[in-house]
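**Q** Quick mapping for you: the protein sequence lines, in order, are chains A and B.
Residue numbering for the first sequence follows the UniProt record's numbering, beginning at 1 and increasing consecutively.
Residue numbering for the second sequence follows the UniProt record's numbering, beginning at 1 and increasing consecutively.
This is the structure I want to talk about, given as C-alpha cells.
Number of protein chains: 2
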Amino acid sequence: MATLKQVAAHAEVSVQTVSNALNAPHRLRADTLERVNRSIELLNYRPNRNARSLRTSAVELIGYCVPSWPNHTHLVMDQFLHALCAAAERTGRHILLFTAPGGVDGMPTYDDLHARRMVDGFVLSQTETHDPRHGWLKEQDIPFVSFGRVWKQTTQPGPWVDVDGAAGSAMAVRHLHESGRRRIAFLGWPKLSGLGEDRLGGWRDACKDLGLPTTGLTVRCREDSIEEGARATARMLDTGRTVDGIVALSDILALGALRELTRRGLTPGHDVGVTGFDDSPLAEVVSPGLTSLRQPMDQIAEELITILTGTVNGSPVERLLRPELVIRGSSAPG
Amino acid sequence: MATLKQVAAHAEVSVQTVSNALNAPHRLRADTLERVNRSIELLNYRPNRNARSLRTSAVELIGYCVPSWPNHTHLVMDQFLHALCAAAERTGRHILLFTAPGGVDGMPTYDDLHARRMVDGFVLSQTETHDPRHGWLKEQDIPFVSFGRVWKQTTQPGPWVDVDGAAGSAMAVRHLHESGRRRIAFLGWPKLSGLGEDRLGGWRDACKDLGLPTTGLTVRCREDSIEEGARATARMLDTGRTVDGIVALSDILALGALRELTRRGLTPGHDVGVTGFDDSPLAEVVSPGLTSLRQPMDQIAEELITILTGTVNGSPVERLLRPELVIRGSSAPG
DNA sequence: CTGAAAGCGCTTACAG
DNA sequence: CTGAAAGCGCTTACAG
Chain A
1 MATLKQVAAH
11 AEVSVQTVSN
21 ALNAPHRLRA
31 DTLERVNRSI
41 ELLNYRPNRN
51 ARSLRTSAVE
61 LIGYCVPSWP
71 NHTHLVMDQF
81 LHALCAAAER
91 TGRHILLFTA
101 PGGVDGMPTY
111 DDLHARRMVD
121 GFVLSQTETH
131 DPRHGWLKEQ
141 DIPFVSFGRV
151 WKQTTQPGPW
161 VDVDGAAGSA
171 MAVRHLHESG
181 RRRIAFLGWP
191 KLSGLGEDRL
201 GGWRDACKDL
211 GLPTTGLTVR
221 CREDSIEEGA
231 RATARMLDTG
241 RTVDGIVALS
251 DILALGALRE
261 LTRRGLTPGH
271 DVGVTGFDDS
281 PLAEVVSPGL
291 TSLRQPMDQI
301 AEELITILTG
311 TVNGSPVERL
321 LRPELVIRGS
331 SAPG
Chain B
1 MATLKQVAAH
11 AEVSVQTVSN
21 ALNAPHRLRA
31 DTLERVNRSI
41 ELLNYRPNRN
51 ARSLRTSAVE
61 LIGYCVPSWP
71 NHTHLVMDQF
81 LHALCAAAER
91 TGRHILLFTA
101 PGGVDGMPTY
111 DDLHARRMVD
121 GFVLSQTETH
131 DPRHGWLKEQ
141 DIPFVSFGRV
151 WKQTTQPGPW
161 VDVDGAAGSA
171 MAVRHLHESG
181 RRRIAFLGWP
191 KLSGLGEDRL
201 GGWRDACKDL
211 GLPTTGLTVR
221 CREDSIEEGA
231 RATARMLDTG
241 RTVDGIVALS
251 DILALGALRE
261 LTRRGLTPGH
271 DVGVTGFDDS
281 PLAEVVSPGL
291 TSLRQPMDQI
301 AEELITILTG
311 TVNGSPVERL
321 LRPELVIRGS
331 SAPG
C-alpha cells in the first residue's frame with residue numbers, strides 16, 4: 001500500500017506537492033501535476049482516509065439510525081436508504097448505520113458517535129410527534145437534518161425536509177373528482193399522528209374546495225394493517241352511504257380497502273376509485289395496481305445531504321416537497 | 001473536546017497509562033485505574049476513533065452495498081440491516097453503506113473503499129447465480145463474507161452463511177401433510193435461479209419421502225408479483241387436478257395464490273393450505289395471515305459478523321441455517 | 001506497574 | 001510554484 005511519501009519520492013517532489021495535486025491541483029504547474037498523477041497511477045496510490053480525517057477532523061460520514069419498525073412497517077426504507085447513500089456519495093461522503101433506543105434514551109449513542117469523531121452529523125428519520133431528538137442535538141450543537149417534521153406547536157429545532165401530505169391528499173381527491181367521483185371517503189389512523197392529521201386535513205380542504213361532502217366520510221383504523229383497512233372500509237360501506245372514492249392514509253390500508261370492495265362484488269377502479277400513500281412496492285404488484293402518492297426519494301435525499309453538509313448560516317432550512325401521484329388501475333376512470 | 005494528553009495531565013499519569021486504562025485495564029493497579037477513570041468521566045473524554053484507526057490500521061467499519069432491487073423487491077432488507085447493525089455493534093463495529101454497480105463493474109468501488117481504509121471488509125448479499133464478486137475479492141485478499149450462495153458447480157470462494165431453502169420447503173410440505181393435505185403444488189420461478197431450484201428440490205424430495213405426488217404439480221411464474229402468482233395458481237387449478245396445498249417460493253407469489261383461491265370461492269387455510277417464504281411484513285398483515293418460512297435474521301447476522309471479524313484460519317467457513325416455519329391462518333388445519 | 005518517545009499518513013500555515 | 005516541518009490524537013514496543 002503506497003503512501004504519500006512514496007509517491008512524492010517517485011515523482012521527485014515533496015509530499016506537500018502530492019497532497020496539493022490531490023486536493024488543490026490548480027496550485028501546480030501543468031507538467032508537475034501530470035508527473036505527480038502518473039506516479040499516483042503507477043503506484044496505485046489511494047490516500048488513507050483515517051489520516052486525512054485525523055488531520056482535518058472531518059470524517060465525511062453521516063450517521064443514520066436504522067429504525068426498528070415498531071407499529072407500521074416501513075416498506076420504502078430500502079428506497080430511502082439507497083437514495084440517501086447515492087446523494088451522500090455525490091459529495092464524497094458515506095452513510096454510517098447504527099442502532100439506538102428510541103426517544104431520549106438513544107441520545108447518548110448519537111453523542112458518542114459524534115464525540116469519537118465517527119460521524120460528522122446525522123440524518124434523522126422516523127420522526128415522531130414531539131420527537132425529543134431534535135432539541136437535544138441542537139442543544140449539543142451536533143449537526144443534523146430531519147426527514148420529517150415533529151409536529152410541535154412551536155418552531156421545530158434544526159433544519160428539516162418533508163413531503164407535503166396535505167397537498168398529497170388534495171391531489172388524490174382532485175384526481176378522483178376528475179374521473180367523476182363525487183363521494184370520496186378518507187381512511188385514516190387515530191388522532192395521535194401529526195402525519196395522519198396533515199393528510200386528513202388535505203382531504204377535507206380539497207373536498208370543500210370542490211364542493212364535495214365530507215360529513216360521515218372519515219373512518220379511523222386502529223393500526224396499519226390490511227385487515228384493519230378492510231374492516232374500516234366495511235364499516236364505512238355498512239352505514240349505507242354511497243362511496244365512490246377512497247383516499248387511504250397508507251398503501252397497506254388501501255390494500256384492505258381493495259380487498260373489502262372485491263369481497264362485496266365491487267370492482268376497484270370501476271365502481272370505487274382508491275388511492276394509497278407512499279407508492280410502496282406493493283402498489284405496483286397488487287392487482288389492478290394501486291394509485292399512490294410517491295415520495296420524491298431522490299430529491300428528498302439530495303436536499304437532506306445538501307442541507308447537512310452545506311454551511312447552514314442563519315435560520316434553519318425547511319423544505320416541503322410535493323409528492324407525485326402515480327396513477328394505476330385502482331383509480332381508473334369509472 | 002478532551003484528548004488523551006489532557007486526561008493524563010488531569011490524572012497525573014502518562015498518556016500510555018490512560019490508553020491502557022481504556023484498552024488493557026488489567027495492566028493498571030486498581031487505585032491508578034480508578035483515578036484515571038475518574039478523570040475520564042470528569043473530562044467526558046471519548047477517544048478519537050480516527051487517531052486510533054490510523055495507528056492500528058483497523059477502522060472497525062464493515063462495508064455493505066445497498067441493493068437497488070432490480071427484479072423482485074426485498075421486503076425483509078430492513079430486518080436484515082437492523083440485525084446486521086446490531087450484531088456489528090456487539091463487537092464495537094458499525095456498518096458503512098455504499099452503492100455500486102452490479103457484478104464486476106462494482107469491484108473498483110469495493111477496492112477503493114478498502115484501499116482508502118474506510119472499511120475493514122465487506123458483507124455481501126443479494127448474491128446472484130455465478131456472482132463474480134466473491135472470486136474478485138478473494139483474489140485481492142479483501143476480507144468478506146457472503147450472505148447467500150453463488151450456486152456454482154465448483155467450490156464457492158470465501159466464507160458464506162445461507163438459509164437452507166430445501167429444508168424450508170420440506171418443512172412446509174411436512175406441515176401441510178400433517179394437517180391432512182395430500183396434493184401439494186409448488187409455485188416457483190424460472191429455472192435460472194439457484195435459490196429457486198434449491199427450494200423446489202426440497203419440495204420434491206419431501207413429497208417423495210411422504211409418498212405424495214409431484215407430477216404436474218409445479219408451476220413457474222415469470223416474475224415475482226402478486227399478479228403472476230395468481231395467474232400461475234389459476235393455470236394450476238385449470239388443469240382440473242385437485243390441489244389442497246400450495247408451497248410458494250415467495251410471500252408475494254403466495255399472496256397471488258391466496259387471491260386466486262378467494263376469487264374462486266375457495267377458503268385459504270380451509271380448502272387449500274398455502275405457505276410462503278421469508279416471512280415478510282406482508283405475511284402478518286394479510287388475511288387470514290400467511291404461513292411463511294422465516295429466515296433467522298439475528299442468527300444470520302451474528303454468524304456473518306463472527307466469521308468476518310474472527311480469524312478465519314484454514315478452510316473457508318460455510319454455515320447453512322434452518323429457516324423457521326411461522327404458522328398462520330393460510331395453513332390452518334382443514 | 002509506569003513513563004518517554006517514536007510513528008501511523010495525512011494537511012497546512014509558513015518560508016523561500 | 002514548491003519544500004521543510006509541525007502536528008492531528010492515538011498505540012505500542014522498549015526501558016526503567
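By construction, the Cβ of each residue, glycine as well, lies at the ideal position given by its N, Cα and C atoms.
Predicted, not measured: the structure shown is a model, and the values here were computed from it.
Are V119(B) and A185(B) touching if we call contact CB-CB under 8 angstroms?
**A** Your numbering for residue 119(B) matches position 119 in the second sequence. Your numbering for residue 185(B) matches position 185 in the second sequence. Contact flag unset, no.
**Q** Name the chain B residues whose beta carbon is nearer than 8 angstroms to that of R133(A)?
**A** As a position in the first sequence, residue 133(A) is number 133, starting the count at 1. Near R133(A) there are no residues of chain B at all, since even the closest Cβ is about 18 angstroms away, more than 8 angstroms.
**Q** Any beta carbon from chain B within less than 8 angstroms of F98(A)'s own beta carbon?
**A** Within the first sequence, residue 98(A) is the residue found at index 98, counting from 1. Answer yes: the Cβ-Cβ gap between F98(A) and chain B drops below 8 angstroms somewhere.
**Q** Note down, in chain order, each residue of its chain lying with its Cβ closer than 6 angstroms to the Cβ of T218(A), except the 5 sequence neighbours on either side.
**A** Along the first sequence, read from residue 1 onward, the residue named residue 218(A) stands at position 218. Only F186 meet the Cβ criterion.
**Q** Compute the beta-carbon to beta-carbon distance between R220(B) and P190(B), rounded to the nearest angstrom, for a pair I have assumed lies under 8 angstroms.
**A** As a first step, residue 220(B) is located in the second sequence; it is residue number 220 there, counting from the start. As a first step, residue 190(B) is located in the second sequence; it is residue number 190 there, counting from the start. At roughly 6 angstroms, the Cβ-Cβ gap stays under 8 angstroms, so R220(B) and P190(B) are in contact.
**Q** Would you tell me roughly how many angstroms separate the C-alpha atoms of D298(A) and S39(A), rounded to the nearest one?
**A** The residue given as residue 298(A) occupies position 298 in the first sequence. The residue given as residue 39(A) occupies position 39 in the first sequence. Taking the straight line from one Cα to the other gives about 38 angstroms.
**Q** Does DSSP put P25(A) in a helix, in a strand, or in coil?
**A** Sequence index remark: in the first sequence, residue 25(A) carries index 25 (1-based). Three-state result, P25(A): helix.
**Q** Is there a C-beta anywhere in chain B that falls below 8 angstroms from the one on N50(A)?
**A** What you label residue 50(A) is simply residue 50 of the first sequence in a count that begins at 1. Yes, because at least one Cβ of chain B sits closer than 8 angstroms to the Cβ of N50(A).
**Q** Cα-Cα, which of T309(B), T306(B), V317(B), L255(B) is closest to S330(B)?
**A** Along the second sequence, one-based indexing puts residue 330(B) at 330. The option with the nearest alpha carbon to S330(B) is L255(B).
**Q** Could you work out which residues of chain B lie near S287(A), taking near to mean beta carbons separated by less than 8 angstroms?
**A** Within the first sequence, the letter at position 287 stands for residue 287(A). Residues of chain B passing the Cβ test: I226, E227, A230, R259.
**Q** Shorter than 8 angstroms from the beta carbon of L81(B) to some beta carbon of chain A?
**A** As a first step, residue 81(B) is located in the second sequence; it is residue number 81 there, counting from the start. It does: the Cβ of L81(B) has a partner Cβ on chain A nearer than 8 angstroms.
**Q** Please determine if the region 222-237 of chain B and the region 256-275 of chain B are in contact, where contact requires at least 3 C-beta pairs separated by less than 8 angstroms.
**A** Taking 8 angstroms as the limit for Cβ pairs, the verdict is that the region 256-275 of chain B does touch the region 222-237 of chain B.
**Q** With H, G and I counted as helix, E and B as strand and the rest as coil, what does DSSP make of R235(B)?
**A** Within the second sequence, the letter at position 235 stands for residue 235(B). Helix.
**Q** Could you tell me the alpha carbon to alpha carbon distance between H270(A) and G165(B), rounded to whole angstroms?
**A** In the first sequence, the residue the question calls residue 270(A) occupies position 270. In the second sequence, the residue the question calls residue 165(B) occupies position 165. H270(A) and G165(B): Cα-Cα distance of roughly 41 angstroms.
**Q** Distance check for V274(B) and G334(B), CA to CA, integer angstroms please.
**A** Reading the second sequence from its first residue, position 334 is the one you call residue 334(B). Reading the second sequence from its first residue, position 274 is the one you call residue 274(B). Since pLDDT at G334(B) reaches only 46, below the 50 mark, its modelled position is unreliable, and no value is offered.
**Q** Hey, how far is the Cα of G148(B) from the Cα of G188(B)?
**A** Counting from one through the second sequence, the residue named residue 148(B) turns up at place 148. Counting from one through the second sequence, the residue named residue 188(B) turns up at place 188. Taking the straight line joining both Cα atoms gives about 19 angstroms.
**Q** Any beta carbon of chain B sitting closer than 8 angstroms to that of P108(A)?
**A** Sequence index remark: in the first sequence, residue 108(A) carries index 108 (1-based). For P108(A), the answer is no, since every Cβ of chain B falls outside 8 angstroms of its Cβ.
**Q** So is R328(A) buried or exposed if we call it buried at 16+ other beta carbons inside 10 Å?
**A** The count along the first sequence starts at 1 and reaches residue 328(A) at position 328. So R328(A) counts as buried.
**Q** Output, in chain order, the set of chain B residues within a Cβ distance shorter than 7 angstroms of D112(A).
**A** Your numbering for residue 112(A) matches position 112 in the first sequence. Neighbours of D112(A) on chain B, chain order: R46.
**Q** Taking one C-beta from the region 156-175 of chain A and one from the region 201-214 of chain A each time, how about it: are there three or more such pairs within less than 8 angstroms?
**A** As far as the Cβ criterion goes, the region 156-175 of chain A touches the region 201-214 of chain A, which means the pair count is three or higher.
**Q** With distances taken from CA atoms, which of R241(A), T214(A), I252(A), G240(A) is nearest R222(A)?
**A** Position 222 of the first sequence holds residue 222(A). Among R241(A), T214(A), I252(A), G240(A), the Cα nearest to that of R222(A) is on I252(A).
**Q** At the 8 angstroms Cβ level, is C85(A) part of the contact set with chain B, yes or no?
**A** Position 85 of the first sequence, counting from 1, holds the residue named residue 85(A). Yes - at least one Cβ of chain B is within 8 angstroms of the one on C85(A).
**Q** Between the C-alpha atoms of D279(B) and E324(B), what's the straight-line distance to the nearest angstrom?
**A** Residue mapping note: residue 279(B) aligns to position 279 of the second sequence, counting from 1. Residue mapping note: residue 324(B) aligns to position 324 of the second sequence, counting from 1. Rounded to the nearest angstrom, the two C-alpha atoms are 9 angstroms apart.
**Q** Starting from the C-beta of L137(B), find all residues in its chain whose C-beta is less than 6 angstroms away, skip the five residues before and the five after it, and write them out in chain order.
**A** On the second sequence, position 137 is the one that residue 137(B) refers to. Excluding sequence neighbours, L137(B) sits near F144.
**Q** How would you call R264(A), buried or exposed, if buried means at least 16 neighbouring beta carbons within 10 angstroms?
**A** Against the first sequence, residue 264(A) aligns to sequence position 264. The residue in question, R264(A), is exposed, as its Cβ has fewer than 16 Cβ neighbours within 10 Å.
**Q** May I have the straight-line CA-CA distance separating E197(B) from C85(A), to the nearest angstrom?
**A** Numbered from 1 along the second sequence, position 197 holds the residue referred to as residue 197(B). Numbered from 1 along the first sequence, position 85 holds the residue referred to as residue 85(A). Those two C-alpha atoms are separated by around 33 angstroms.
**Q** If T214(B) and R204(B) are in contact, beta carbons under 8 angstroms, what's the gap, nearest whole angstrom?
**A** If you number the second sequence from 1, residue 214(B) lands on position 214. If you number the second sequence from 1, residue 204(B) lands on position 204. Going by Cβ atoms, the distance from T214(B) to R204(B) rounds to 5 angstroms, so yes, they are a contact pair.
**Q** Please list, in chain order, all residues of the same chain as G194(A) whose beta carbon is under 7 angstroms from its beta carbon, the five residues on each side excluded.
**A** The residue labelled residue 194(A) in the question sits at position 194 within the first sequence. Closer than 7 angstroms at Cβ, skipping near neighbours: T129, R149, W151.
**Q** Verify the CB distance criterion: does G334(A) have a CB-CB separation below 8 angstroms to chain B?
**A** On the first sequence, residue 334(A) is found 334 positions in, with the first residue counted as 1. Unreliable placement is indicated for G334(A), whose pLDDT of 46 sits below 50; no coordinate value is reported for it.
**Q** Helix, strand or coil for G334(B), going by three-state DSSP, please let me know.
**A** Indexing the second sequence from 1 puts residue 334(B) at position 334. Its pLDDT being 46, under 50, G334(B) is placed unreliably by the model, and the measurement read from it follows with that caveat. DSSP places G334(B) in coil when its eight states are reduced to three.
**Q** Identify the continuous beta strand (DSSP E) that holds E128(A) and give its terminal residues.
**A** To locate residue 128(A), count along the first sequence from 1; it is residue 128. Careful: E128(A) lies outside any beta strand (DSSP E) and carries neither H nor E.
**Q** Under 8 angstroms by Cβ, that's how I've got A113(A) and F98(A) pegged, so tell me the actual separation to the nearest angstrom.
**A** Looking up residue 113(A) in the first sequence gives position 113. Looking up residue 98(A) in the first sequence gives position 98. Strictly speaking, residue 113(A) in this sequence is Leu, with Ala absent from that position. The pair is a contact, with the Cβ atoms about 6 angstroms apart (cut-off 8 angstroms).
**Q** Could you check what DSSP says for P268(B) in three-state terms: helix, strand or coil?
**A** For the purposes of this step, residue 268(B) is identified with residue 268 of the second sequence, where counting begins at 1. DSSP places P268(B) in strand when its eight states are reduced to three.
**Q** Between which two residues does the alpha helix (DSSP H) harbouring E178(A) extend?
**A** Here residue 178(A) is taken as the residue at index 178 of the first sequence, counted from 1. First-last of the alpha helix (DSSP H) with E178(A): 165-178.
**Q** Taking the beta carbon of S250(B) as the centre, do at least 16 other beta carbons fall within 10 Å, making it buried, or is it exposed?
**A** Against the second sequence, residue 250(B) aligns to sequence position 250. Burial call: buried.
**Q** Quick check on C95(B) - is its C-beta less than 8 angstroms from some C-beta in chain A?
**A** On the second sequence, residue 95(B) is found 95 positions in, with the first residue counted as 1. Sequence check: residue 95(B) is Ile here, not Cys. Yes, contact with chain A.
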